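Residue numbers (UniProt numbering), protein chains in the order written: chain A, 1 to 328; chain B, 1 to 328; chain C, 1 to 331; chain D, 1 to 331. Beta carbons: idealized from backbone N, C-alpha and C, even for Gly. For clarity, every value in this text was computed on a predicted model and none was experimentally measured. Quick notes on the structure that follows.
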Amino acid sequence: MSKTITLTYREALKTAIREALQKDERVFLMGEDVGHYGGAFAVSKGLLKEFGPERIMDVPLSESGFTGAGIGAALAGMRPIVEIMTVNFSLLAMDQIFNNAATLLHMSGGQLNVPVVIRMGCGIGRQLAAQHSHSWEPFYAHVPGINVLAVGTHEDARGMLLSALESPDPVIIFEYTSMLNLEGDIPENAGAVDIRKAKIRREGKDLSLITYGTGVYKSLEAAEILEREGIDVEVVDLRVLRPLDEETFLASVAKTHRALLVEDAWRSVSISSEVSARIMEKAFFELDLPVERLCGVEVPIPYPKHLEDASVPQVQDIVDRVRKILRP
Amino acid sequence: MSKTITLTYREALKTAIREALQKDERVFLMGEDVGHYGGAFAVSKGLLKEFGPERIMDVPLSESGFTGAGIGAALAGMRPIVEIMTVNFSLLAMDQIFNNAATLLHMSGGQLNVPVVIRMGCGIGRQLAAQHSHSWEPFYAHVPGINVLAVGTHEDARGMLLSALESPDPVIIFEYTSMLNLEGDIPENAGAVDIRKAKIRREGKDLSLITYGTGVYKSLEAAEILEREGIDVEVVDLRVLRPLDEETFLASVAKTHRALLVEDAWRSVSISSEVSARIMEKAFFELDLPVERLCGVEVPIPYPKHLEDASVPQVQDIVDRVRKILRP
Amino acid sequence: MKKTKTSKRISKAEGKRLLHQMQLIRRFEEKSAEVYTETKIRGFLHLYVGEEAVAVGVIQALDEDDYILSTYREHGHALARGMDPGAIMAEMYGKVEGCAMGRGGSMHLFDKNIHFYGGNAIVGGHLPLAVGMALASKKQGKKNVTCCFFGEGAAAEGEFHESMNLAALWDVPVLFLCENNLYAMGTALKYTHSEQQLEKKGPTYGIETATVNGMDLLEVMAATQKAVDYIRKTGKPYFLVCYTYRFRAHSMFDAELYRDKSEVEEWKKQDPILQFKKFLLEEQLITDKEIAAMEVAVEKQVQEAVDFAEKGSWEPVEDLCRYVYTETQGS
Amino acid sequence: MKKTKTSKRISKAEGKRLLHQMQLIRRFEEKSAEVYTETKIRGFLHLYVGEEAVAVGVIQALDEDDYILSTYREHGHALARGMDPGAIMAEMYGKVEGCAMGRGGSMHLFDKNIHFYGGNAIVGGHLPLAVGMALASKKQGKKNVTCCFFGEGAAAEGEFHESMNLAALWDVPVLFLCENNLYAMGTALKYTHSEQQLEKKGPTYGIETATVNGMDLLEVMAATQKAVDYIRKTGKPYFLVCYTYRFRAHSMFDAELYRDKSEVEEWKKQDPILQFKKFLLEEQLITDKEIAAMEVAVEKQVQEAVDFAEKGSWEPVEDLCRYVYTETQGS
Ligand SMILES: Cc1ncc(C[n+]2csc(CCOP(=O)(O)OP(=O)(O)O)c2C)c(N)n1
Ligand SMILES: Cc1ncc(C[n+]2csc(CCOP(=O)(O)OP(=O)(O)O)c2C)c(N)n1
Ligand SMILES: [Mg+2]
Ligand SMILES: [Mg+2]
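Given below as structure tokens:
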């Protein structure tokens, strides 16, 4: 076993960007305030000095323009990492992502690859209110032609970007800003990870908690609490939201016969809806109980802490719901 | 019973717009080519002459700009009908719709109403290829704060707009361009319809076909074919995609104990995913068989007819799938 | 484009009122920062310190019926418009007594009664709204102006272009009020715009345009008066670029790596409040004693706002799902 | 902004080549319309008839390595670039032999080998792509130019503004080639732009700009040569506005309610092909006999394209899900 190191989610992200820039000359980072400001969340702090303005490009507020430019640069042989400061602003770039990045390969009959990587800060939990707290994972996961990753652990913060840059097709990476300061342990030699598979983060036999993003550590925490009560839950980190790795979560459900789906995004037409529908289709006869969902409450996220907290599943909510399912 | 008249889906839409303009001075129609051109799909042909350029406003290609302007006009007391020529271009206006129209009421603590109606041509089936064949119903249905309607019948083509204009909150209306020339019968005095409820378009006892938009007539046609074989399906037209009227479809499933969900949108994270998940949660023990989905194939829509046809459920596909479910 | 010269004539009462407004904004912002470090306010907090002459100078030229839209850096505009400081502070505390029931926080101040339409946190996203509101006024035969504040960073967004074009095509009474404080977060003007003289853009939409020194209250007042007169007379849009500077960080998270302390110090010499005080004293429109008294009054006002916020109440969690749809509709 | 004067010197061979290209486009388009009414082509079909001098004049000034991006009205550009007419026709038939395997149809012609990057059907959506491709060239030290065709309607989209600004900020070698045919579908220029002289916009981004009579091949050639020379020399963007006109409807669905027949007839007097023929004859660079022979040759070429398309094959339905992800990836 290799040595492990402790680092924050932010450091893991940054180390990956640095490694990517060192490894491949075609790689460059572009986004609002990635350079002089140091990154809105200090993820790219210092990189401008290290790599210069050709590799770390500050761009004006023009999400459609610079995201499209990143796609164009990818078409022409570069490996751009486009940072959309937060997912909230990605609505402005969606036409570029869905009508260009996701479709050019198809429309050109297989001629044109778009190896662009688009990173976005996202998530709820910093009291940023309705326009700055969106969870658009469900949108991106709906669209064929792109790969969609959710960085739920330090291991993935360190590895997903590197793997994404190996993809000949567009990859969208969701990074959860509420986790930036969180410390975690990863192997010293951690690097690229498999970006096709979901991952069992904790084995268990009584129920499958299927989740992604901020849901992963929350679910692991809930699992520990439940363990003390003799409830043994399995935690499945979807990781790849498109294309979904159903094999892994179906196998988990086939083992536990019960599932609770956990996510911060609004419940209707969410990732959990899809997971539930797939379990319905492919593991119905394995189920002892109906699959339940614990998702974001369907309200624009309110500013005050107590209301914001109430809008998304908390550890205690997960614990309570699992108890209710297993010991009604 | 009142007399019925026969008219096309297009005429039904147009009659509704005309009535809305006549009834309320605050109403005006704005959109690309709604005036001089006569509407991209000839829905508003002649209205410029009838109502003048203040009520029928041609706008430049600037989807974000004019949609936002419609939202602003609604804030300030007007009742704008914004036409986004097709749903495909609505990506460019999504920031306005989701960050402004859908959230202003909430962010202002209940002070600001946004009574805007946004109509969009949509659907697959005219060989318009990957950038012009999107089905974004799943996106819109995900977002709280808006009402989302799918016009699947002539009755709704005639009535939904009028009801939408009564709403104090934003309403998005999906109009299916492949149905424009289709004739149908509606009562002569048809008008506003209930935009909170789904509707059983055909009663049946063996299986519930739950659908919306172009799926409605396709499902009804399939139902007729199946009837000849002694299979009696119920057709549920969701109509309102947000907030979903689950009561109606759950009751249907409670009656038939089997459901097939039909839609043109890509399968992953679709309206059908949500319907399936709700049935899972609230009617699991009613089910004789797992709920199945028949959705769009997950490929950017290809241009050639045979491939386009293969991308979305056809009447025959529905018939075949129902047979397979009921007589495996 | 025209540079506007001010007449510099002003009454004592007016002078005091304006100074009071600027001081109130300044102290309110400083207090907000303090309270933020006490973690009473959370989320983003964007302060307006240094730019007071713009909000005060512009808004004094507006009528009660005029509509105002602003950004996430809007406390100054809200105060200048006469929004109750207590309601703003309570909003930032997240209390029900806030101007938006606490739902919005610092970035989303709203008060329909005084026609203050946010507090918008998507950069550039409120420009189309402003054009639409002005369009409504035109259709309704109202004579009011819609004033839309935004930063120079916002002018790089496509929505700036679309909004300018629509406003000019439709001839609607909107004042595009660009607060050019030279930075968009940490991105200097030169990295944001290939043509840094933003005022050059107005004429290419056929929009009447002017620039003004945003650190000088009287000049801002005069320039805005001219703009508003033009809009009321013609019904057409107007583009006014105010050159200004923020003395503090972009938000509470900003380490200010992108600009030199010396640059900030240089700009502080043009502090709009110091300048205006000096002017009032020189013109003998105010006395040192009056200024001292005003400072005490402002301090009290700000403290009262904090007290009001402190005393405020939390919305019950049971009400979480309110304000998603209009309640009369029952949906 | 500059109006470019042409030197009007040209060799016989070149004259013929250029006339041939324009005629090929014209006949190809007419044939496409015919075949469309026979329902062999479906979906949208946007014809280029009347605008031939732009595609031919611009593209002849480009090198093999240069990148081209276009709109849904791109058959003319594709042909001028040397794309095989058979491959285009087959694409419009939806056959595998098409330049995009039949997946794209009329609006999505692609051929990577000749650096032809669409065929883009979201108005304005390809402008950012063009800027990015030019950025890649700059980073890679390539000397090629990216030429991006778009209509005057597209220039109202926010992406025009963002793209112009980015290109100028980054100094990338892109030619913004605006085909101003006075209509965006049925919306006349005056309803689309508050400032109808679009060439005025270039300088407000610091972008070198010119206009040219797009009905005159030689003028287009000269103007483009100048633009391309500038771009290659400086590495900077350039904005060229070609004034032109489409003789036919916007698409096959268009009833042309928005313009008078007489207006169209008036413009037809400036038919770029007739004008250029006349010029060649006057300068004795071609004979009537040669023209007649050329017409026969073009006719044959177009018919061969149709025959090729007719003979083409349908992609098997089993392959429906190809080209969603790159196949080597196996996902
Ligand atoms: C569309 C969008 N992109 C990015 C952001 C993040 N952001 C918030 S403020 C800001 C800078 C805006 O600068 P400017 O318009 O000059 O206004 P200022 O803050 O200087 O007053 C940025 C990039 C945002 N809120 N919205
Ligand atoms: C974003 C977007 N909005 C609307 C449309 C529908 N549409 C297709 S072509 C067109 C007119 C474009 O006009 P212009 O840019 O002048 O090009 P032209 O067709 O005249 O060559 C419109 C409105 C579209 N394809 N994309
Ligand atoms: Mg600024
Ligand atoms: Mg045009």
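With the cut-off set at 8 angstroms, would you say G158 of chain C and S64 of chain A are in Cβ contact? yes
Quick check on N144 of chain D: does DSSP put it in helix, strand or coil? Note: N144 of chain D maps to coil in three-state DSSP.
Those residues which DSSP pairs with D237 of chain A across a bridge: A:K199, A:T211
For R158 of chain A, which residues from the same chain have a beta carbon less than 6 angstroms from its beta carbon, with the 5 sequence-adjacent residues on both sides left out? A12, A16, I186, A190
At a cut-off of 7 angstroms, would you count V315 of chain A as near ligand 2, judging by its Cβ distance to the nearest heavy atom? Result no, Cβ not under 7 angstroms from ligand 2.
Using a beta-carbon distance below 8 angstroms, is H126 of chain C in contact with chain D? no
So, at 8 angstroms on beta carbons, what are the nonlocal neighbours of D63 of chain D in its own chain, with the 5 sequence-adjacent residues on each side left out? N144, V145
Going by Cα to Cα distance, which pick from B:A150, B:F139, B:A164 is closest to V117 of chain B? Considering only B:A150, B:F139, B:A164, the residue with the shortest C-alpha distance to V117 of chain B is B:A164.
Within the present structure, is the beta-carbon of M57 of chain B separated from the nearest heavy atom of ligand 2 by less than 7 angstroms? no
Tell me which same chain residues have a C-beta within less than 7 angstroms of the C-beta of T8 of chain B, skipping the five on either side of it? Take T8 of chain B, set aside five residues on each side of it, and the residues of its chain with a beta-carbon closer than 7 angstroms to its own are L180, N181, L182, E183, in chain order.
For the alpha helix (DSSP H) that contains M22 of chain D, what are its first and last residues? 12-37
Suppose the cutoff is 7 angstroms on Cβ atoms and the five residues either side in sequence are ignored; what does the same chain contact list for T93 of chain A look like? Checking the displayed sequence, the identity of residue 93 of chain A turns out to be Ala instead of Thr. Excluding positions up to five away in sequence, the list reads E63, S64, T67, I84.
Interface partners of M78 of chain B on chain C, CB under 9 angstroms: Within chain C, the residues near M78 of chain B are G132, L135, A136, K139, Q140.
What separation, rounded to the nearest whole angstrom, lies between the Cα atoms of R126 of chain A and M101 of chain D? 48 angstroms
When you get a sec, list the residues whose CB is within less than 6 angstroms of any heavy atom of ligand 3, chain order please. C:G151, C:E152, C:G153, C:N181, C:Y183, C:A184
What are the boundary residues of the beta strand (DSSP E) that includes V171 of chain B? Unbroken beta strand (DSSP E) run through V171 of chain B: 171-176.
Around the C-beta of K190 of chain C, are 16 or more other C-beta atoms found within 10 angstroms, so that it is buried, or is it exposed? exposed
Taking DSSP's pairing of strands, which residues face C178 of chain D in a bridge? D:F150, D:V241
Any contact of the segment 165-185 of chain C with the segment 10-29 of chain C, i.e. 3+ C-beta pairs under 8 angstroms? Taking a contact to require three or more Cβ pairs closer than 8 angstroms, the segment 165-185 of chain C and the segment 10-29 of chain C do not qualify as touching.
Using a threshold of 7 angstroms, is the CB atom of A121 of chain C nearer than that to any non-hydrogen atom of ligand 1? At least one heavy atom of ligand 1 lies less than 7 angstroms from the C-beta of A121 of chain C.
Distance, Cα to Cα, S276 of chain B vs E97 of chain C? In a straight line, the C-alpha of S276 of chain B is about 42 angstroms away from that of E97 of chain C.
Min CB distance P328 of chain A to chain B below 8 angstroms: no
For S331 of chain C, collect the residues of the same chain with a Cβ closer than 6 angstroms to its Cβ; drop the 5 residues on either side in sequence, then sort them by chain order. Only weak support is given to the placement of S331 of chain C: the predicted model assigns it a pLDDT of 40, under 50, and the value that follows is read from those uncertain coordinates. For S331 of chain C, where only same-chain residues beyond five positions count, the Cβ hits under 6 angstroms are Y325.
At least 3 beta-carbon pairs within less than 8 angstroms: the segment 38-48 of chain A vs the segment 100-119 of chain D: no
Using 7 angstroms as the cut-off, classify the Cβ of G52 of chain A as near or not near the heavy atoms of ligand 1, replying yes or no. no
Report the partner residues of S70 of chain C according to the DSSP bridge assignment. C:G119
Please classify Q316 of chain A: is it buried, with 16 or more other beta-carbons within 10 angstroms of its beta-carbon, or exposed? exposed
So, at 7 angstroms on beta carbons, what are the nonlocal neighbours of A198 of chain A in its own chain, with the 5 sequence-adjacent residues on each side left out? V236, D237, L238, R239, V240, D245, T248, F249
Taking CB distances under 8 angstroms as the criterion, tell me whether H106 of chain B reaches chain C. yes
Are the C-beta of P187 of chain A and some C-beta of chain B separated by less than 8 angstroms? No Cβ of chain B is located within less than 8 angstroms of the beta carbon of P187 of chain A.
Report the three-state DSSP secondary structure of D317 of chain A (helix, strand or coil). helix
List the residues of chain B that S272 of chain A touches, going by C-beta distances under 8 angstroms, in chain order. Ordered by position in chain B, the residues that pass the 8 angstroms Cβ test against S272 of chain A are A277.
Supposed close pair G105 of chain C, E91 of chain C - CB separation, criterion 8 angstroms: 6 angstroms
Identify whether S262 of chain C lies in helix, strand or coil by the three-state DSSP scheme. helix
Measure the C-alpha to C-alpha separation of M133 of chain C and D171 of chain C and round it to an integer number of angstroms. 12 angstroms
Give me whichever residues DSSP pairs with M120 of chain A in a beta bridge. A:I84, A:F174
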